[in-house]
Each structure stands twice: as structure tokens, then as C-alpha cells.
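Offset between the sequence shown (1-based) and my numbering: plus 267.
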Amino acid sequence: MSQARHLAGQRCWVVGASSGIGAALASELLARGARVAISARREDRLEDVSRGRMVVVPYDVTDAQGTARAADAVRERLGGIDLVVWSAGTWQQFDALDWDREAFARHVEVNLLGLNNLLAAVLPSMVTDRAGHLAGIASVAGYRGLAGAEAYGATKAAQLNLLEALRASLSQRRIRVTTISPGFVRTEMTEANSFPMPFLIDPDRAAHAIADGLERGDHEIVFPLRMALLMKTASVLPVRVWDAVAARLARARMS
Ligand SMILES: NC(=O)c1ccc[n+]([C@@H]2O[C@H](COP(=O)([O-])OP(=O)(O)OC[C@H]3O[C@@H](n4cnc5c(N)ncnc54)[C@H](OP(=O)(O)O)[C@@H]3O)[C@@H](O)[C@H]2O)c1
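Okay, structure coming up:
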């Protein structure tokens, strides 16, 4: 299941491609010879990314029926789907001392239930065909609990677990599943962040790392390297040690 596979000629659908990592990845896939369909809500931004070179299918990931219609439209216009990349997402700084039920629910609806809608729309035909590749952009933020990321981090941890479980279940049907965990990337999502973002990279670099990992057949793509090393180390720290680190980070953020 980990054999290398070139992207040239593959029919790829990138969901969440009107800006940021998804937009850069769509262009990178195209440059590597793939045929590309892109989705998100903002049609004008999708057209800017496409510049007439991609299939544009706008939809809202929180709409299950809309997702099914979008998947049908992509399958029809590309003649099938070999690779689906989930890049849609939302992030908002969270204040646990002033619990915002709606903000938390919005993260779950977009980041987790949106992915659920997509899986329901693309998996049945992949299972029937015994072929296909799912790649989900989660985050290193899902590795450990971080103050201010209660809503976002919870959905990212869930995505990591979901993608890992799917990799095992779907291996029986020769369907590949790739977990993508970026560190900080300079996009609309991070532009309002007021806290330090170590090892911040541009979306083009992120897209390059993702496309390289997909072609190598990696099960997991984590970048940039220094952030991967930092957060992989954090992920194995004992809870008491992590709690001390995280509390210090929380205090630094509030001061
Ligand atoms: N930037 C980072 O530092 C970083 C780090 C780790 C992981 N990530 C993850 O990488 C992925 C891409 O994020 P990004 O940084 O590229 O941010 P971004 O530029 O804000 O892109 C988010 C994308 O998701 C789409 N989206 C949001 N809500 C949607 C909805 N209801 N329906 C359809 N599309 C929706 C947006 O399109 P519309 O608004 O047009 O709908 C946009 O195309 C996310 O999953 C994010 O969590 C980002």
C-alpha cells in the first residue's frame, strides 16, 4: 500500500481550494500533470485559482446533499476520481473561560462533519472499484491539547484518528489513505494569529511537500521538518510534562 505513484494523469479533487494550502496544492497537482477539480464556497476565488485549467465545483462542505451532488459533478466532468484531498477547514482562537458553544460546533460542522459528508460521497464508488486515494489535511495541532485550540485541536485530533483507522479498514480494498499534518503555513487561516508561529512556511512550499509525499506513497506527511520533530517529540511526552509545557505556553500567550 505504500508504493510510489506519479500524479501525472491522475484525476484529483481538492476540497477547500479557494485559498491557502488547497489552492497551492491544486496548482502543484496540475503542474505535475494531474487533471484537477476544485471546490469550496467562494466561486470567484475558485475561478481565480483555476484560470480555466481546472474543473470548478463550488459547494458548502456542511451540506451533505450538496456534497453528494458535487461528487457526482466531479466524477462526471473528470470521468472518475483517483485522488481526493480534504483541505477545507476553519480555525478560530477559543477562550475556554468564556465557552462559545456555537464556535465549537462550527469547528465540528466544518472540520469533522464536512469530512464525514465527503467520505460518504466518495467512498462507495472507491470501495466498489477497489481503487482510490484519500488524503486528509489534519494538523500537528491535533497531537496535543493546546490552550486556545480547544475547538480546532479537538477536530484535528479526531481527523488524525479517523484517517488512521480508515487506512487500516480500506487497505483490504486497495484504497490508500494519507494523513497530512502541516505546521504553520502563511494563509488566510493564520493571518489573524497574534501569537508567534515558529517555522512558518508559504503555501507553495506546503503544496510541494504534500505532492512529494503523495507521489512517494507516504502514509503520513508532516512538515516542515523542524515542526514535525518538535511536535512528534511533544506527542510522546508524559502527560505531567506536557501539562507543564502547555500551561507555560498559555501563560505566555495571555501576558
Ligand atoms: N495554515 C496553517 O498553518 C495550517 C496548519 C495546519 C493545518 N492546516 C489545515 O489546512 C487546511 C487548509 O487551511 P489553510 O491554511 O489553507 O486555510 P484557508 O486559506 O483559510 O483555506 C481553507 C479552505 O477551506 C474552505 N472552507 C472553509 N469552510 C468551508 C465550507 N463550509 N465549505 C466549503 N469550503 C470551506 C475555504 O473556502 P471558502 O471560504 O471559499 O468556502 C478555503 O478554501 C485546513 O484543514 C487547516 O486546518 C492549516
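Note that the Cβ used here is the ideal one computed from N, Cα and C, for glycine as well.
Nearest-angstrom Cα distance between residue i and residue j?
i: Lys-499; j: Arg-453; result: 21 Å
i: Met-456; j: Ala-398; result: 33 Å
i: Gln-439; j: Asp-479; result: 25 Å
i: Val-389; j: Gly-403; result: 13 Å
i: Thr-363; j: Ser-392; result: Here residue 363 is Ala; the residue named in the question, Thr, does not match the sequence. Roughly 41 Å between the two C-alpha positions.
i: Val-282; j: Ile-288; result: 11 Å
i: Gln-426; j: Glu-343; result: 28 Å
i: Ser-317; j: Leu-385; result: 21 Å
i: Thr-357; j: Tyr-419; result: 8 Å
i: Val-324; j: Arg-515; result: 44 Å
i: Leu-430; j: Ala-275; result: 24 Å
i: Asp-365; j: Thr-445; result: 36 Å
Mark residue i as exposed unless 16 or more other C-beta atoms lie within 10 angstroms of its C-beta, in which case mark it buried.
i: Ala-519; result: exposed
i: Glu-295; result: buried
i: Met-268; result: Only weak support exists for where Met-268 lies, its pLDDT of 46 falling under 50; the coordinates are left without a value.
i: Met-321; result: buried
i: Gln-332; result: exposed
i: Arg-483; result: exposed
i: Ser-461; result: exposed
Per DSSP, what kind of secondary structure is residue i in: helix, strand or coil?
i: Phe-371; result: helix
i: Thr-500; result: helix
i: Ala-355; result: coil
i: Ala-459; result: coil
i: Gly-480; result: helix
i: Leu-445; result: It should be pointed out that residue 445 corresponds to Thr in this sequence rather than to Leu. Reduced to three states, the DSSP call for Thr-445 is strand.
i: Ile-305; result: strand
How about the stretch 338–352 and the stretch 413–427: do they share at least three Cβ pairs that are nearer than 8 Å? Contact between the stretch 338–352 and the stretch 413–427 is absent: fewer than three C-beta pairs spanning the two stretches fall below 8 Å.
Does the count of Cβ pairs from the stretch 322–333 and the stretch 363–383 closer than 8 Å reach three? Output reads yes: the stretch 363–383 touches the stretch 322–333.
Using 8 Å as the cut-off, can you tell me whether the stretch 460–479 makes contact with the stretch 442–451, which would need three or more C-beta pairs spanning the two stretches below that distance? They touch, by the three-pair rule.
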